[in-house]
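>
In the numbering used here, the protein residues as written are 522 to 585.
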């Protein structure tokens, strides 16, 4: 499957404008998904990082 295209602006809005938060949140969520946790937004064949970014963009995962 091709890499998905999520505009950076959408991710920054979801993390109060912090690219650092986007990076940390996506990495942590991707590791959790890779360990077997069920994704909040299921898309067959999607890579864990893409899924993590989609969850951040759609507001399913938020930074503390």
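The beta-carbon is built from N, C-alpha and C at its ideal position, and this holds for glycine as well. Predicted, not measured: the structure shown is a model, and the values here were computed from it.
Thinking residue 580 and residue 535 are a contact (beta carbons under 8 Å), I'd like their distance in whole angstroms, please.
Correct: roughly 6 Å between the Cβ atoms.
> Which two residues bound the contiguous alpha helix (DSSP H) that contains residue 548?
540 to 555
> Going by alpha carbons, who is nearest to residue 582 out of 529, 549, 557?
549
> Between which two residues does the alpha helix (DSSP H) containing residue 531 stretch?
Where residue 531 is concerned, the enclosing alpha helix (DSSP H) starts and stops at 529 to 535.
> Using the rule of at least 16 other Cβ atoms within 10 Å of the residue's Cβ for burial, across every protein chain shown, is residue 578 buried or exposed?
buried
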